[in-house]
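**Student:** In our numbering, each residue carries its 1-based index in the sequence shown increased by 34. Where is the CB? At the ideal position from N, CA and C, for every residue including glycine. All values reported here derive from a predicted model rather than from experimental measurement. Input: one structure, supplied below.
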Amino acid sequence: MSTPAGNFIHDIIDADLESGKRSEVVTRFPPEPNGYLHIGHAKAICLDFGTALKYNGRCHLRFDDTNPTAEDTEYVEAIKEDVHWLGFDWGEHLYWASDYFEQMYEYAVQLIKQGKAYVCDLSVDAFKEYRGIPTEPGKEPEGRQRSIEENLELFEKMKAGEFADGAYVLRARIDMASPNLHMRDPAIYRIKHASHHNTGDQWCIYPMYDFAHCIEDSIEGVTHSLCTLEFEVHRPLYDWILKELEAYQPQQIEFARLNLTYTVMSKRKLLELVQKNLVNGWDDPRMPTLCGMRRRGYPAQAIRNFCTEIGITKTESLSDVALLEHHVRDILNEKAPRRMAVLDPLKVVITNYPEEQTETFDLPNHPNNEEVGTRSVPFTRELFIEKSDYLEDAPNKYKRFTIGREVRLRGAYLATCNEAIKDADGNVIELRCTIDPESKGGSAPDGRKVKGTIHWVSATEGVEATVHLYDRLFGCENPAAEEADFKELLNPESLQTVTGIVEPEAISQPGEAFQFERIGYFCIDKDSTADVPVLNRTVGLRDSWNK
Ligand code: ATP
Ligand code: MG
Ligand code: MG
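Right under this line is the structure:
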């Protein structure tokens, strides 16, 4: 494994604890309940919760539910489930930003009284004109000169529901000439006549993100408020608000967000894929969502290891999904029991094996771990092998079946292919083979060398299963950077569904991950039933990650 990129935030915290600037570590993970969590959120979760664990502090799970219209309680349960699945726990510390609406309102009134906020009737577009460009001072909105009494009165009327949406906003009075446009009298409260899932119709004014977030952090005693780089330019506002309010001041620290190749990460885009049925829901195994990855069979540990390896830095970059897959294989290779399945079946008849007979072979569940034992695999006269394990005009170095060649049927017998039966179009539809009855278990009594080993499944004892072969959702590395509409860039071959034959043991444990030998890692889909088993390919065997 390459060296992890490190974590500059932990260096800052070490210094804060050493200097006495902080005596404890309190972080928070603040999702807005307007979508499902994705692998980008996993980076933030691992950082927020991981940091609290490292410093023996605490991490709050806080639902940032200040926008009444975009949010849905459906997402709340899903988010909790995903955080737990990733391996983290908030304990007692579950919070709702909306629980602080009263306090936020009082803080807003306080700012007005201090002459630090005013009511403004400019529309969003009109204000943009006033705000201007960073290199030139902006223009002062007329409302800036209103008296404190008048502002208090107007704000009260905003709260009482006397105005329509958009008629007024409350602005922080900061600096219309600041080179940072976020400091040019940003809106901190807006009118929105909408029911809120938590507070119902109690409010028709709602705080803007920049006003709300720092207050939430402050009320909860967060010490280090970790967020993504796009908030760096908002930090002066975060600090300004808390300073003016003389409230407890957490430290905001920004880090680079996670971007991953062959996918998109924006909730808006993911929602569009779901709504337009371009994928089969948020938990479609091709989605970069945590529920999608879980359904696909990614172990949570692999995601955590991946997040540790990419580290926490200040530089935006695009992480290679092959690295994530490398960590998935790393865990599964060690943990996943081995099974046999045939995904592109070709029938084989063992002509010297009795028709009625079934014998079972005990095959190891894992090649390097005897402790996990064996499972029994039924062997019968009729078997299936992969079509690709037979070749008519095979070169010498081809170690699988061709007429006259002997190969090992994994764990069972050495078998020689004698004849290939073809249909009217000349396609091979069946092989006739004979086994060496003395080679039980797969080794020749006379010590002759048989190099090729192939997997097989009993045609009569094996079970038919629907198998989803998943590939990358997008056909290009960085769909977000392309000019074309991202929906045009989907990989048309991201899902291939085949009917395979699997050994009976492979469908006995729902949710279990296993390796189909020579094929890849698979898991049983949540929609699988005894009648119609459904399997998902988690990842193929070949690692394309270049260390
Ligand atoms: P989107 O921009 O897709 O709507 P968001 O960032 O607004 O998503 P939130 O629910 O607000 O989604 O995110 C919760 C936390 O997760 C935030 O602190 C945010 O910084 C972090 N986060 C979101 N996406 C990423 C990412 N790609 N990499 C790292 N952290 C992320
Ligand atoms: Mg957000
Ligand atoms: Mg965002």
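Which class does Phe-265 belong to by DSSP, given the choice of helix, strand or coil?
**Tutor:** One-based indexing of the sequence shown puts residue 265 at position 231. Helix.
**Student:** If you follow the beta strand (DSSP E) that Val-203 is in, where does it begin and where does it stop?
**Tutor:** Working through the sequence shown from its first residue, we reach residue 203 at position 169. First-last of the beta strand (DSSP E) with Val-203: 203 to 206.
**Student:** Can the beta-carbon of Thr-450 be found closer than 7 Å to that of Thr-385?
**Tutor:** On the sequence shown, position 416 is the one that residue 450 refers to. On the sequence shown, position 351 is the one that residue 385 refers to. It is not a contact, given that the beta carbons lie outside the stated cut-off.
**Student:** Is Ser-596 near ligand 1, going by C-beta to nearest heavy atom under 6 Å?
**Tutor:** No answer is possible for residue 596: it lies beyond the span of the chain, which begins at 35 and ends at 581.
**Student:** Could you tell me the alpha carbon to alpha carbon distance between Arg-330 and Lys-560, rounded to whole angstroms?
**Tutor:** Within the sequence shown, the letter at position 296 stands for residue 330. Within the sequence shown, the letter at position 526 stands for residue 560. Going from the Cα of Arg-330 to the Cα of Lys-560 covers about 10 Å.
**Student:** Can you confirm whether Ile-437, when its beta carbon is compared against all beta carbons of chain C, has any partner nearer than 7 Å?
**Tutor:** Judged by its chain identifiers, the structure shown contains no chain C, having just a single protein chain.
**Student:** Who does Phe-63 pair with in a DSSP beta bridge?
**Tutor:** Taking the first residue of the sequence shown as 1, we reach residue 63 at position 29. In the DSSP output, where bridge partners are listed per residue, Phe-63 has Leu-95.
**Student:** Quick one: Cα of Met-35 to Cα of Asp-106, how far?
**Tutor:** By one-based count along the sequence shown, residue 35 stands at place 1. By one-based count along the sequence shown, residue 106 stands at place 72. Residue confidence for Met-35 is low, a pLDDT of 44 falling below 50, so the modelled location carries little weight; the figure read from the coordinates is stated next. Rounded to whole angstroms, Met-35 to Asp-106 spans 41 Å at the Cα level.
**Student:** Among His-489, Glu-183, Thr-257, Phe-161, which has the Cα closest to the Cα of Pro-175?
**Tutor:** Residue numbering aside, residue 175 sits at position 141 when the sequence shown is read from its first letter. Per the Cα distances, Phe-161.
**Student:** Indicate the three-state DSSP secondary structure (helix, strand or coil) for Tyr-424 in the structure shown.
**Tutor:** Translated into positions along the sequence shown, residue 424 becomes position 390. Note: Tyr-424 maps to strand in three-state DSSP.
**Student:** Does the beta-carbon of Pro-333 have 16 or more other beta-carbons within 10 angstroms, so that it is buried, or is it exposed?
**Tutor:** For the purposes of this step, residue 333 is taken as residue 299 along the sequence shown, with counting starting at 1. Pro-333 is buried by the Cβ-count criterion.
**Student:** For Thr-414, is the classification buried or exposed, using 16 other Cβ atoms within 10 angstroms of its Cβ as the cut-off for buried?
**Tutor:** Along the sequence shown, one-based indexing puts residue 414 at 380. Label assigned to Thr-414: buried.
**Student:** Please report the straight-line C-alpha distance between Ile-558 and Leu-425, rounded to a whole angstrom.
**Tutor:** For this step, residue 558 is matched to residue 524 along the sequence shown. For this step, residue 425 is matched to residue 391 along the sequence shown. The straight-line gap from Cα to Cα measures roughly 32 Å.
**Student:** Rounding to the nearest angstrom, what Cα-Cα distance links Arg-506 and Leu-529 in this structure?
**Tutor:** Locating residue 506 in the sequence shown gives position 472, where the first residue counts as 1. Locating residue 529 in the sequence shown gives position 495, where the first residue counts as 1. Arg-506 and Leu-529: Cα-Cα distance of roughly 9 Å.
**Student:** Consult DSSP for Pro-471 and reduce its assignment to one of helix, strand or coil.
**Tutor:** Looking up residue 471 in the sequence shown gives position 437. In the structure shown, Pro-471 sits in a helix (DSSP, three-state: H, G or I).
**Student:** Can you tell me which residues form a DSSP beta bridge with Lys-25?
**Tutor:** Residue numbering for the chain in the displayed model covers 35 to 581; residue 25 lies beyond these limits and cannot be assessed.
**Student:** Is the beta carbon of Ala-493 less than 7 Å from the beta carbon of Glu-416?
**Tutor:** The residue given as residue 493 occupies position 459 in the sequence shown. The residue given as residue 416 occupies position 382 in the sequence shown. Against a cut-off of 7 Å, the Cβ pair of Glu-416 and Ala-493 comes out as a contact.
**Student:** What are the complete alpha helix (DSSP H) segments, minimum 4 residues, inside the segment 315 to 350?
**Tutor:** For the segment 315 to 350, whole alpha helix (DSSP H) runs of length 4 or above, ordered along the chain, are 324 to 330, 334 to 344.
**Student:** Taking a contact to mean a Cβ-Cβ separation below 7 Å, would you say His-118 touches Thr-323 in this structure?
**Tutor:** Start at 1 with the first residue of the sequence shown, and residue 118 comes out as number 84. Start at 1 with the first residue of the sequence shown, and residue 323 comes out as number 289. No. Outside cutoff.
**Student:** Indicate the three-state DSSP secondary structure (helix, strand or coil) for Ala-221 in the structure shown.
**Tutor:** As a position in the sequence shown, residue 221 is number 187, starting the count at 1. Looking at Ala-221 - three-state DSSP - the assignment turns out to be strand.
**Student:** Which residues in the same chain as Thr-533 place their Cβ atom closer than 8 Å to its Cβ, once the five residues preceding and following it in sequence are excluded?
**Tutor:** As a first step, residue 533 is located in the sequence shown; it is residue number 499 there, counting from the start. Taken in chain order, the residues that qualify are Glu-498, Ala-499, Thr-500, Val-501.
**Student:** Quick one: does the C-beta of Thr-262 sit closer than 6 Å to a heavy atom of ligand 1?
**Tutor:** On the sequence shown, residue 262 is found 228 positions in, with the first residue counted as 1. Thr-262: yes, Cβ under 6 Å from ligand 1.
**Student:** By the three-class DSSP mapping on this structure, what secondary structure does Gly-69 have?
**Tutor:** As a position in the sequence shown, residue 69 is number 35, starting the count at 1. Residue state, collapsed to three classes: coil.
**Student:** Could you tell me which of Asp-470, Val-491, Ser-410 sits nearest to Lys-421, measuring between CA atoms?
**Tutor:** Counted from its first residue, the sequence shown places residue 421 at position 387. Nearest C-alpha to Lys-421: Val-491.
**Student:** Is it the case that the segment 185 to 195 contacts the segment 262 to 278, given that we only count it when at least three CB pairs across the two stretches are under 8 Å?
**Tutor:** Because the criterion of three Cβ pairs below 8 Å is not met, the segment 262 to 278 and the segment 185 to 195 do not touch.
**Student:** Can you tell me whether Val-313 is buried or exposed, with buried defined as 16 or more other CB within 10 angstroms of its CB?
**Tutor:** Taking the sequence shown and counting its residues from 1, one reaches residue 313 at position 279. It is buried - the Cβ of Val-313 has at least 16 other Cβ atoms within 10 Å.
**Student:** Between the Cα of Gly-574 and the Cα atoms of Glu-183, Glu-390, Glu-359, which residue gives the shortest distance?
**Tutor:** Counting from one through the sequence shown, the residue named residue 574 turns up at place 540. The option with the nearest alpha carbon to Gly-574 is Glu-359.
**Student:** Does the segment 99 to 115 touch the segment 60 to 68, meaning 3 or more C-beta pairs lie closer than 8 Å?
**Tutor:** Judged by Cβ distances under 8 Å, the segment 60 to 68 makes contact with the segment 99 to 115, as three or more pairs qualify.
**Student:** Residue range of the alpha helix (DSSP H) that Asp-252 falls in?
**Tutor:** Position 218 of the sequence shown, counting from 1, holds the residue named residue 252. It is worth fixing the name first, because residue 252 is Ser in this sequence and not Asp. Ser-252 -> alpha helix (DSSP H) spans 243 to 253.
**Student:** Roughly how many angstroms separate the alpha carbons of Lys-55 and Ala-206, rounded to a whole number?
**Tutor:** To locate residue 55, count along the sequence shown from 1; it is residue 21. To locate residue 206, count along the sequence shown from 1; it is residue 172. The straight-line gap from Cα to Cα measures roughly 29 Å.
**Student:** Say the cut is 6 Å; is the CB of His-75 nearer than that to a heavy atom of ligand 5?
**Tutor:** For the structure depicted, ligand 5 is absent and the ligand set comprises only ligand 1, ligand 2 and ligand 3.
**Student:** Please report the residue range of the beta strand (DSSP E) in which His-502 lies.
**Tutor:** Here residue 502 refers to the residue found at position 468 of the sequence shown. Start and end: 497 to 504.
**Student:** Going along the chain, which residues of its own chain have a beta-carbon closer than 8 Å to the beta-carbon of Leu-304, five neighbours each way excluded?
**Tutor:** Numbered from 1 along the sequence shown, position 270 holds the residue referred to as residue 304. Cβ within range, chain order: Gly-69, Tyr-70, His-72, Val-298, Trp-316, Met-321, Pro-322, Thr-323.
**Student:** What is the rounded straight-line gap between the Cα of Ile-419 and the Cα of Lys-310?
**Tutor:** Taking the sequence shown and counting its residues from 1, the one referred to as residue 419 is at position 385. Taking the sequence shown and counting its residues from 1, the one referred to as residue 310 is at position 276. About 39 Å.
**Student:** Provide the residue span of the beta strand (DSSP E) that contains Gln-285, from first to last.
**Tutor:** Numbered from its first residue, the sequence shown carries residue 285 at position 251. Residues 285 to 289.
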